[in-house]
Amino acid sequence: IYSITQVGYITGVRVGTYMPPLRPTQCRNCQRLRHAAVSCHYPTQCRRCSGNHAVEHCTYKEKLDIKCVNCGGTHMASDRKCPIYLQARYDKLSKDASRPTTTQLPQQRQRAIFIALTHSAKLVHKQVPSYASALAHGIPKRPPPPMYPSGPLL
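Residue numbers are given in this note's numbering: position 139 of the sequence shown equals residue 618, and the series is strictly consecutive.
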């Protein structure tokens, strides 16, 4: 599939390996983490003031009125310094690093995941994993071939 350069009449097509994002998914409807608006069943919330309206309809413009939907802090729900966001990022990166398929990603991407995980671990005060332990699973092993009887097959 990676050698495909033409689809129909379109030429110059390049197929690459999917690179999962290094950040957790954040819903644009309710502003919560770990799901997307497409599958959201929560009511709409403002990412600026936590009100029951979209950010486009928010009447609060002062910094004093800002309130995070996720932690209740004095920052917007999209702030990358939110403690709930930092924990969600650490959890996602830990999960990504421990997947067996991570070792099949390009070396540069594996390193990016490890660097982001190390940085994220420091921010949430977790033990920083070594590169080897973060990518410890390696390539999944194949099961042995089935054993057949050594006698003649009937």
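Beta carbons are placed, not taken as given, at the ideal position from N, Cα and C, and that holds for glycine.
ask   = Can you name the start and end residues of the alpha helix (DSSP H) that Pro500 belongs to?
value = As a working mapping, residue 500 is identified with position 21 in the sequence shown. No alpha helix (DSSP H) holds Pro500; DSSP gives it neither H nor E.
ask   = If you draw a straight line from the C-alpha of Pro579 to the C-alpha of Lys571, how long is it?
value = Taking the first residue of the sequence shown as position 1, residue 579 is located at position 100. Taking the first residue of the sequence shown as position 1, residue 571 is located at position 92. Answer to the nearest angstrom: the Cα atoms are 15 Å apart.
ask   = Can you tell me whether DSSP reads Leu584 as helix, strand or coil?
value = In the sequence shown, counting from the first residue as 1, residue 584 sits at position 105. Leu584 falls in the coil class under three-state DSSP.
ask   = What is the rounded straight-line gap between the Cα of His532 and the Cα of Ile545?
value = As a first step, residue 532 must be located in the sequence shown, where it is residue number 53. As a first step, residue 545 must be located in the sequence shown, where it is residue number 66. C-alpha separation (whole angstroms): 14 Å.
message = Do Gln524 and Val494 count as a contact pair if the criterion is CB distance below 8 Å?
response = Within the sequence shown, residue 494 is the residue found at index 15, counting from 1. Within the sequence shown, residue 524 is the residue found at index 45, counting from 1. Result no, Cβ atoms of Val494 and Gln524 do not sit closer than 8 Å.
query = What residues in its chain sit with their C-beta under 6 Å from that of Val486, if we drop five residues either side in the sequence?
reply = Within the sequence shown, the letter at position 7 stands for residue 486. Contacts found: Val492.
query = Taking the alpha-carbon positions, what's the Asn508 to Met498 distance?
reply = The count along the sequence shown starts at 1 and reaches residue 508 at position 29. The count along the sequence shown starts at 1 and reaches residue 498 at position 19. Approximately 25 Å between the Cα atoms of the pair.
query = If you draw a straight line from the alpha carbon of Val534 to that of Thr582, how long is it in whole angstroms?
reply = Against the sequence shown, residue 534 aligns to sequence position 55. Against the sequence shown, residue 582 aligns to sequence position 103. Taking the straight line from one Cα to the other gives about 40 Å.
inquiry  = Buried or exposed, going by whether 16 or more other CB atoms sit within 10 Å of the CB of Ser599?
reply    = In the sequence shown, the residue the question calls residue 599 occupies position 120. Buried: at least 16 other Cβ atoms inside 10 Å.
query = For the segment 550-603, which segments carrying the alpha helix (DSSP H) assignment without a break, of at least 4 residues, lie completely within its bounds, in sequence order?
reply = 562-577 and 586-602
inquiry  = Measuring alpha carbon to alpha carbon, tell me which residue in Glu541, His514 and Thr504 is nearest Arg527.
reply    = Translated into positions along the sequence shown, residue 527 becomes position 48. For the residues Glu541, His514 and Thr504, the minimum Cα distance to Arg527 belongs to Glu541.
ask   = DSSP puts Ile489 in a beta bridge; with which residues?
value = By 1-based counting over the sequence shown, the position of residue 489 is 10. DSSP output for Ile489 lists Val486 as bridge partner(s).
Distance CB(Tyr564)-CB(Val603) smaller than 8 Å = Taking the first residue of the sequence shown as 1, we reach residue 564 at position 85. Taking the first residue of the sequence shown as 1, we reach residue 603 at position 124. No.
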